[in-house]
Ligand code: SF4
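Residue numbers (this note's numbering), protein chains in the order written: chain A, 5 to 473; chain B, 14 to 214.
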């Protein structure tokens with residue numbers, strides 16, 4: 005009998021191509037997602053060394069970071085952004101890699117597109133030159149972000165040189181209270197682990213609260229694994245996963261389906277398998293969360309208040325806290341719900357899927373946003389947008405005063421024209437609240453789509469439970 | 014990739030924890046399609062004011078540290094995104110060694126791919142080196158990769174750990190891709206087996 009293994013161990017071992025004496029491994033990469041920002045130098049490297057793409061059919065490229073979210077018929081105004089997007093398309097042609105162009109309905113944020121197309125499947129290794137590749141771990145695939153040199157390595161060899169990660173399990177047990185979402189779960193987890201707590205680990209999320217999440221909720225949780233420092237997040241595949249995958253354009257063909265599902269069912273952590281670390285969280289105690297500072301670990305309950313750096317014993321941390329508060333224009337003790345906002349951003353690979361838009365729309369329906377607030381909804385992909393419009397969600401948003409945009413990363417990182425002005429404060433469904441992330445001097449509060457919508461309406465960070473009937 | 018053997022120069026102290034990749038190189042500089050030229054934008058928002066003028070107080074703007082070859086920082090350095098623009102900008106500035114109590118995984122990895130040596134040392138050792146680095150131009154550090162030693166300005170020798178394979182690649186300036194392609198037969202064998210067992214992949 006073999007020793008009990010974790011889900012991570014199983015996926016890792018099934019992808020070993022070679023293992024050097026010093027423990028360094030060469031692992032096979034099943035799927036490679038590519039976007040315009042981290043790939044040009046990799047393709048350039050290939051061209052310079054006369055190499056080709058090893059398995060172009062296992063590679064999928066889409067531009068998302070730089071694309072405009074307004075009318076695209078006139079192309080991209082910013083010359084540098086335009087060059088990057090055009091370079092991606094030219095590289096796709098030159099190297100035989102599929103590219104979803106800006107006018108393709110399948111275009112969107114790379115981490116939304118992969119699952120949507122069935123490109124992401126359980127048990128796979130998936131990489132992308134983007135840290136939020138961890139999103140795909142929701143399918144029970146080992147998915148992680150890599151740098152551009154590694155992008156070039158995967159393009160050239162379909163493999164990566166890696167050392168195995170350590171195993172961590174985060175158990176979220178119990179029932180999630182009303183008004184609390186997958187986003188609140190993951191913000192809570194990050195506040196418990198800290199932004200470096202997951203460093204060196206792959207985190208497997210388990211427990212009934214995780215099992216109870218939809219695929220989209222699971223993606224939200226895995227998406228932010230990197231904010232806890234973890235290389236990847238994992239959730240064992242189950243019926244929810246299989247039902248989501250079935251029928252997607254790149255899902256296994258009907259003839260292979262049964263065999264695929266039978267294999268996927270073996271992808272779970274065995275009883276008694278060893279974890280190097282374990283954290284247990286009680287779901288019933290998680291309330292809607294919000295960040296107050298400039299690190300994703302700076303989390304409090306929406307009903308809480310801004311913490312006091314003076315209460316922090318660690319000097320380095322206290323200094324970082326004070327710096328955050330100065331940047332955020334907040335004072336210790338201020339109740340979060342009294343923080344006035346200027347902007348709302350609903351979108352990103354964390355919360356730009358159809359269920360997120362439905363959740364936000366259910367709060368916005370029949371209401372109007374505060375006169376002082378500018379709010380935008382950016383669907384995660386063209387297909388999400390199409391689906392939302394078929395359900396009439398865009399009318400709900402437009403009637404309430406939100407802007408309804410074209411798909412892309414948008415104000416998640418403000419590489420296109422969508423950005424905060426200095427000093428502007430935003431309730432955002434994205435994943436990073438770093439200084440300047442959404443625009444120089446911009447102030448970001450990370451929240452769920454429900455809180456974002458509720459905050460747009462009141463003009464203040466708002467507990468969505470006030471809006472629930 | 015340039016070989017890394019020994020490095021001698023001034024070390025810039027940056028006593029901040031959680032220095033993230035957005036701080037190292039903000040997104041407006043990610044639009045380049047080249048690897049070079051990012052050094053002038055390293056730590057952009059801390060280094061320049063709104064008008065684009067240098068902030069004289071920022072460590073890399075001080076005369077003593079303009080030629081720094083080593084950076085000493087707080088824990089969890091390089092957290093955030095996978096952007097290799099972060100190590101590219103550090104390298105382009107002229108820094109080839111970063112010392113910190115801990116690093117974010119992807120950043121740590123990316124350093125080696127670009128000929129930068131990231132050194133993890135216990136907090137108290139970092140604190141000591143940081144203090145020494147504050148002496149500016151009079152404080153020269155030597156990093157000897159082969160011996161795995163830092164020679165601090167006061168003559169103290171600090172040993173540091175580094176993975177042996179990575180050390181080998183760095184010392185010889187080896188390109189990972191070339192090394193991997195030597196194993197092409199193994200990759201193809203793996204693929205064949207996979208195709209039979211899991212035809213849907
Ligand atoms: S939506 Fe944001 S986090 Fe996601 S890939 Fe785009 S920029 Fe990165």
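Quick reminder that beta carbons are idealized off the backbone N, C-alpha and C, glycines included. Nothing here was measured: the structure is a model prediction, and the numbers come from that model.
| Item | Value |
| --- | --- |
| Rounded straight-line distance, which links the Cα of residue 153 of chain B to that of residue 71 of chain B | 20 Å |
| Identity of the residue in A/311, A/289, A/112 nearest residue 297 of chain A by Cα | A/311 |
| Any chain A beta carbon closer than 7 Å to residue 78 of chain B | no |
| Contact list for residue 122 of chain B against chain A, beta-carbon separation under 7 Å | 151 |
| Within 7 Å, strictly: CB atoms of residue 91 of chain A and residue 414 of chain A | no |
| Residue 71 of chain A vs residue 412 of chain A beta-carbon contact at 7 Å | yes |
| Residue 68 of chain A burial status per 10 Å Cβ neighbour count (16 or more: buried) | buried |
| Heavy atom of the ligand NAD within 6 Å of residue 402 of chain A beta-carbon | Annotation note on the ligand NAD: not contained in the displayed structure, which lists the ligand SF4 as its ligands. |
| Beta carbon of residue 205 of chain A nearer than 7 Å to that of residue 234 of chain A | yes |
| Residue-chain proximity (residue 22 of chain A, chain B), Cβ-Cβ < 7 Å | yes |
| Chain A contact for residue 97 of chain B (CB, 7 Å cutoff) | yes |
| 7 Å Cβ cutoff met for residue 371 of chain A and residue 430 of chain A | no |
| Interface residues of chain A facing residue 30 of chain B [CB-CB closer than 8 Å] | 320, 321, 324 |
| Chain A within 7 Å of residue 48 of chain B, Cβ atoms only | yes |
| For residue 108 of chain B, the first and last residue of its enclosing beta strand (DSSP E) | Careful: residue 108 of chain B lies outside any beta strand (DSSP E) and carries neither H nor E. |
| 7 Å Cβ cut-off: residues of chain A touching residue 203 of chain B | 21, 32 |
| Cβ-heavy atom distance, residue 157 of chain B to the ligand SF4, below 6 Å | no |
| Bounding residues of the alpha helix (DSSP H) (the contiguous stretch that carries residue 201 of chain B) | 197-210 |
| Cβ of residue 26 of chain B within 7 Å of any chain A Cβ | no |
| Short CB-CB distance (under 7 Å) between residue 330 of chain A and chain B | no |
| Nearest-angstrom Cα separation, counted from residue 107 of chain A out to residue 97 of chain B | 28 Å |
| Cβ contact check for the segment 96-103 of chain A and the segment 77-84 of chain A: 3 or more pairs under 8 Å | no |
| Where residue 70 of chain A sits in the DSSP three-state scheme | coil |
| Reference residue 154 of chain A, options A/112, A/47, A/232, closest by Cα | A/47 |
| Residues of its chain near residue 368 of chain A, where Cβ-Cβ distance is below 8 Å and the 5 sequence neighbours each way are ignored | 400, 401, 404, 406, 457, 460, 461 |
| Under 7 Å from the C-beta of residue 256 of chain A: neighbouring residues of chain B | 213 |
| Residue-chain proximity (residue 178 of chain B, chain A), Cβ-Cβ < 7 Å | yes |
| Where residue 39 of chain B meets chain A, residues with beta-carbon distance less than 7 Å | 440 |
| Any C-beta of chain A under 7 Å from that of residue 189 of chain B | yes |
| Check: residue 430 of chain A C-beta below 6 Å from any heavy atom of the ligand SF4 | no |
| Backbone CA spacing between residue 86 of chain B and residue 62 of chain B [nearest angstrom] | 22 Å |
| CB of residue 213 of chain A within 7 Å of CB of residue 287 of chain A, strictly | yes |
| Chain A contact for residue 85 of chain B (CB, 7 Å cutoff) | no |
| Near-chain B residues of the segment 113-135 of chain A - C-beta to any C-beta below 9 Å | 125, 127, 128, 132, 133, 134, 135 |
| Delimiting residues of the alpha helix (DSSP H) encompassing residue 359 of chain A | 358-368 |
| CB contact check: residue 126 of chain B to chain A, cutoff 7 Å | yes |
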